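Here the structure is laid out as structure tokens; the discussion comes afterwards.
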Amino acid sequence: MIRVLLVDDQPLIRSGFRALLDLEDDIEVVAEAADGREGLALVKEQLPDVALIDIQMPVMNGIEATRLIAADPTLADVHVVMLTNYGMDEYVFDALRAGAAGFLVKDILPEDFLHAVRVAARGDALLAPAITRKLIDRYVSQPPPGRTGSGLEALTSRERESVALAAHGLSNDEVADRLVISPATAKTHINRAMAKLHVRDRAQLVVLAYEAGLVTPRSS
Numbered sequence: 000m001i002r003v004l005l006v007d008d009q010p011l012i013r014s015g016f017r018a019l020l021d022l023e024d025d026i027e028v029v030a031e032a033a034d035g036r037e038g039l040a041l042v043k044e045q046l047p048d049v050a051l052i053d054i055q056m057p058v059m060n061g062i063e064a065t066r067l068i069a070a071d072p073t074l075a076d077v078h079v080v081m082l083t084n085y086g087m088d089e090y091v092f093d094a095l096r097a098g099a100a101g102f103l104v105k106d107i108l109p110e111d112f113l114h115a116v117r118v119a120a121r122g123d124a125l126l127a128p129a130i131t132r133k134l135i136d137r138y139v140s141q142p143p144p145g146r147t148g149s150g151l152e153a154l155t156s157r158e159r160e161s162v163a164l165a166a167h168g169l170s171n172d173e174v175a176d177r178l179v180i181s182p183a184t185a186k187t188h189i190n191r192a193m194a195k196l197h198v199r200d201r202a203q204l205v206v207l208a209y210e211a212g213l214v215t216p217r218s219s
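Numbering (numbering that gives the first Met the number 0), first residue to last: 0 to 219.
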């Protein structure tokens with residue numbers, strides 16, 4: 000059973016998402032919150048598998064709530080997915096840097112929303128890959144200066160290749176095709192890289208890869 004927490008200041012949005020989730024046999028909505036501070040408290044209390052958190056909220060915004068969740072080692076198994084009204088929301092990459100596993104646009108199709116929740120619960124891929132690629136290309140073109148000690152030197156050449164492809168938005172299957180290896184091997188390379196680099200999920204791996212200069216944004 001996938002345990003989900005909904006955090007959004009708009010009751011209609013929460014009720015719509017809850018109505019979809021409640022229809023699924025493998026998903027349970029454990030609680031709802033109307034602001035980041037309340038959401039943070041409920042995350043600590045309920046320990047959900049997935050926390051769907053709106054970016055812009057009163058009292059405490061979603062980015063700050065996400066940053067606090069990511070910084071708490073007791074919440075390492077909570078996968079935060081940010082909710083945004085716009086695919087190119089200027090805050091989305093800040094959310095990824097804060098520790099979000101990915102993001103969803105609120106007008107997402109129901110079947111894509113349910114799939115994304117399940118993907119987030121597994122913690123093995125970024126969400127909404129097409130939009131994520133655009134956001135990465137836009138917001139990491141000017142990464143923060145002075146990034147040092149990334150730890151990339153600890154990676155094997157195959158792990159570095161896998162991380163670079165993942166940073167361009169490729170799935171494990173696509174990484175496997177590109178490197179002519181099995182999907183299981185591709186996933187192993189990426190998981191080992193995450194462990195060596197001490198990142199909590201694939202989104203953080205992508206952020207580090209760009210900030211450390213392993214890859215650069217595509218021009219398209």
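Yeah, the Cβ is synthetic: ideal placement off N, Cα and C, and Gly gets one too. On a predicted model such as this, the values are computed, not experimentally measured, just so you know.
Item: Coarse secondary structure for residue 82, derived from DSSP in three states; Value: strand
Item: Burial state of residue 114, where buried means 16 or more other Cβ atoms lie within 10 Å; Value: exposed
Item: Residue 161, buried or exposed, once every other Cβ within 10 Å from all chains shown has been counted against 16; Value: buried
Item: DSSP-derived helix/strand/coil call for residue 200; Value: coil
Item: Segment contact flag, the segment 161 to 177 with the segment 61 to 75, C-beta cutoff 8 Å, min 3 pairs; Value: no
Item: Counterpart residues of residue 101 in DSSP-defined beta bridges; Value: 80
Item: Those residues which DSSP pairs with residue 2 across a bridge; Value: 27
Item: Cβ pair residue 47, residue 4 closer than 7 Å; Value: yes
Item: Segment contact flag, the segment 94 to 110 with the segment 71 to 81, C-beta cutoff 8 Å, min 3 pairs; Value: yes
Item: Whether residue 69 touches residue 45 by CB criterion (7 Å); Value: no
Item: Delimiting residues of the alpha helix (DSSP H) encompassing residue 48; Value: Premise fails: residue 48 is in no alpha helix (DSSP H) and is neither H nor E.
Item: Residue burial classification, residue 13 (beta-carbon count within 10 angstroms, cutoff 16); Value: buried
Item: Spatially closest choice to residue 182 from 171, 190, 191, by CA coordinates; Value: 171
Item: Contact under 7 Å by Cβ, residue 27 with residue 0; Value: yes
Item: Pair within 7 Å by beta-carbon distance, residue 202 and residue 95; Value: yes
Item: Distance CB(residue 111)-CB(residue 57) smaller than 7 Å; Value: no
Item: Best match in 189, 169, 168, 173 for proximity to residue 156 [C-alpha to C-alpha]; Value: 189
Item: Where residue 33 sits in the DSSP three-state scheme; Value: coil
Item: Same chain, Cβ closer than 8 Å to residue 39, neighbours up to 5 away in sequence not counted; Value: 59, 64, 67, 68
Item: Other residues of its chain near residue 204: CB distance less than 8 Å, five sequence neighbours each side excluded; Value: 162, 165, 166, 189, 192, 193, 196, 198
Item: Contacting residues, own chain, Cβ-Cβ under 8 Å from residue 105 (five flanking each side not counted); Value: 12, 82, 83, 84
Item: Buried or exposed (CB count within 10 angstroms, at least 16 for buried), residue 51; Value: buried
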